[in-house]
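These notes are about the structure you will find just below.
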Amino acid sequence: MSQVLVVEDESAIAELITLNLQHAGYGVTVAATADQAQEAVDGVLPDLVVLDWMLPGQSGLALAKRWRGAARTRELPIIFLTARSEETDKVAGLDAGADDYLTKPFSTQELLARIRSVLRRKAPEALDTPVEVDGLTLDPATRRVSREGCDLRLGPKEFRLLHFFMTHTERVHSRAQLLDRVWGDHVFIEERTVDVHIKRLREALEPVDCARMIETVRGVGYRFTVSAAAQSISLLTR
Ligand code: CA
Numbered sequence: 266m267s268q269v270l271v272v273e274d275e276s277a278i279a280e281l282i283t284l285n286l287q288h289a290g291y292g293v294t295v296a297a298t299a300d301q302a303q304e305a306v307d308g309v310l311p312d313l314v315v316l317d318w319m320l321p322g323q324s325g326l327a328l329a330k331r332w333r334g335a336a337r338t339r340e341l342p343i344i345f346l347t348a349r350s351e352e353t354d355k356v357a358g359l360d361a362g363a364d365d366y367l368t369k370p371f372s373t374q375e376l377l378a379r380i381r382s383v384l385r386r387k388a389p390e391a392l393d394t395p396v397e398v399d400g401l402t403l404d405p406a407t408r409r410v411s412r413e414g415c416d417l418r419l420g421p422k423e424f425r426l427l428h429f430f431m432t433h434t435e436r437v438h439s440r441a442q443l444l445d446r447v448w449g450d451h452v453f454i455e456e457r458t459v460d461v462h463i464k465r466l467r468e469a470l471e472p473v474d475c476a477r478m479i480e481t482v483r484g485v486g487y488r489f490t491v492s493a494a495a496q497s498i499s500l501l502t503r
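So the sequence shown is numbered by our numbering: it starts at 266 and just counts up by one.
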């Protein structure tokens, strides 16, 4: 289930958004101030943030800039909400790092469409769309993983890990990043937990000859790749 953090001080609007998101199958956390929002993000990284511009104290704009400046939250998908429709505000919002921008009043259908669109672009592992990499297919809706007609058995964490890898191929992910994006927690889980699940995932992928797709990048983390060239480099550094 995709987790959305709604940062909105007007409780009626926060409630309306929450009900509609929950109805659409999202998990929702609400924060009424920038401090509360920061606290929520420090705990568990959400899949997406719906961020109101006008908040008491620190503005949504300042909060978005702070998140974009921090390594852990740089890629956090953000949709701005604002009552201001001036072009300069829109530009300022997008400059601050917002992925999209909605002017109040907006329809909840439009908000849901924008959320799906931003997730598709920035966090495809949060959606139920089937993915395929080099013949290996994963269907989040049926939780089925297969290659050439051979079904694989994966535990829930290995499934999420593989889903994240398959939607973010060819990039190196640190253990801390994997904890954030797959476990949703980088504080209370030890980094070696990642190694345990990587090992299990490799074992699960071995029967279809896909264990090789998970590379260990020494001193950095892991990469999911189909590239033969990258594989030979990783063999040298393993
Ligand atoms: Ca407000």
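Positions of the beta carbon are idealized from the N, C-alpha and C atoms, including for glycine.
Cβ-based burial, residue i [other Cβ within 10 Å; buried from 16]
{"i": "arginine 288", "result": "Note on residue identity: the sequence assigns histidine, not arginine, to residue 288. Flag for histidine 288 reads exposed."}
{"i": "alanine 336", "result": "exposed"}
{"i": "serine 276", "result": "exposed"}
{"i": "alanine 493", "result": "With a pLDDT of 49 at alanine 493, under the threshold of 50, the modelled position of this residue cannot be trusted, and the question is left open."}
{"i": "valine 370", "result": "Just to set this straight, residue 370 is proline in the shown sequence, not valine. It counts as exposed."}
{"i": "arginine 503", "result": "Low confidence applies to arginine 503: its pLDDT is 44, below 50, so where it sits in the model is not reliable enough to give any reading."}
{"i": "valine 485", "result": "exposed"}
{"i": "alanine 279", "result": "buried"}
{"i": "glutamate 423", "result": "buried"}
{"i": "valine 410", "result": "buried"}
Selected residue, minimal CA-CA separation from residue i, among the options
{"i": "tyrosine 366", "options": "Arg488, Trp318 and Ala299", "result": "Trp318"}
{"i": "proline 321", "options": "Leu403, Leu284, Ala296 and Leu392", "result": "Ala296"}
{"i": "leucine 470", "options": "Gln323, Gly308, Phe489 and Ala299", "result": "Phe489"}
{"i": "phenylalanine 325", "options": "Ser382, Ala305 and Leu316", "result": "Sequence check: residue 325 is glycine here, not phenylalanine. The option with the nearest alpha carbon to glycine 325 is Leu316."}
{"i": "threonine 368", "options": "His428, Asp354, Pro395 and Tyr487", "result": "Asp354"}
{"i": "threonine 338", "options": "Thr347, Leu359, Gln303 and Pro370", "result": "Gln303"}
{"i": "arginine 425", "options": "Pro389, Glu273, Ile454 and Asp416", "result": "Pro389"}
{"i": "aspartate 393", "options": "Glu273, Asp404, Asp399 and Lys387", "result": "Asp404"}
{"i": "alanine 327", "options": "Thr298, Glu423, Val447 and Ile454", "result": "Thr298"}
{"i": "lysine 330", "options": "Ala348, Gly358, Ala305 and Val485", "result": "Gly358"}
{"i": "glycine 290", "options": "Lys387, Ala406 and Gln323", "result": "Ala406"}
{"i": "threonine 347", "options": "Val410, Val272 and Arg408", "result": "Val272"}
{"i": "phenylalanine 453", "options": "Thr283, Val437 and Val309", "result": "Val309"}
Endpoints, alpha helix (DSSP H) assigned at residue i
{"i": "histidine 288", "result": "276-288"}
{"i": "arginine 385", "result": "373-387"}
Closer than 8 Å: residue i CB and nearest ligand 2 heavy atom
{"i": "aspartate 354", "result": "Ligand 2 is not part of this structure, which contains only ligand 1."}
Proximal residues to residue i (C-beta, below 7 Å), its chain only, five neighbours per side dropped
{"i": "arginine 418", "result": "Ala469"}
{"i": "alanine 305", "result": "Leu270, Thr294 and Ala296"}
{"i": "methionine 459", "result": "According to the sequence displayed, residue 459 carries valine and not methionine. Here the set comprises Arg440, Leu443 and Leu444."}
Sequence-distant residues of its chain with Cβ nearer than 6 Å to residue i (five each side left out)
{"i": "threonine 373", "result": "Asn285"}
{"i": "glutamate 397", "result": "none"}
{"i": "glutamate 435", "result": "Thr490"}
{"i": "valine 473", "result": "Arg412 and Cys415"}
{"i": "alanine 361", "result": "Leu326, Ala329 and Lys330"}
Cβ-heavy atom distance, residue i to ligand 1, below 8 Å
{"i": "glutamate 280", "result": "no"}
{"i": "leucine 320", "result": "yes"}
{"i": "aspartate 300", "result": "no"}
{"i": "glutamate 455", "result": "no"}
{"i": "aspartate 460", "result": "no"}
{"i": "glutamate 413", "result": "no"}
{"i": "glutamate 351", "result": "no"}
Nonlocal neighbours in the same chain, by C-beta distance under 8 Å from residue i, ignoring five residues either side
{"i": "isoleucine 344", "result": "Leu313, Val314, Val315, Leu316, Ala363, Asp364, Asp365, Tyr366, Leu367, Leu376, Arg379, Ile380 and Val383"}
{"i": "isoleucine 479", "result": "Phe430, Ile463, Leu466, Arg467, Leu470, Tyr487, Arg488 and Phe489"}
{"i": "glycine 292", "result": "Met266, Ser267, Gln268 and Val269"}
{"i": "glutamate 456", "result": "Arg440, Ala441 and Leu444"}
{"i": "glutamine 496", "result": "Because the pLDDT at glutamine 496 is just 47, under 50, the model does not fix this residue reliably, and the value given afterwards should be weighed accordingly. Hits under 8 Å: Arg477, Glu480 and Thr490."}
{"i": "aspartate 300", "result": "Gly322 and Gln323"}
{"i": "arginine 385", "result": "Leu392 and Thr394"}
Start-to-end residues for the beta strand (DSSP E) that takes in residue i
{"i": "glycine 292", "result": "292-296"}
{"i": "histidine 438", "result": "437-439"}
{"i": "phenylalanine 489", "result": "486-489"}
{"i": "glutamine 323", "result": "Careful: glutamine 323 lies outside any beta strand (DSSP E) and carries neither H nor E."}
{"i": "arginine 412", "result": "409-412"}
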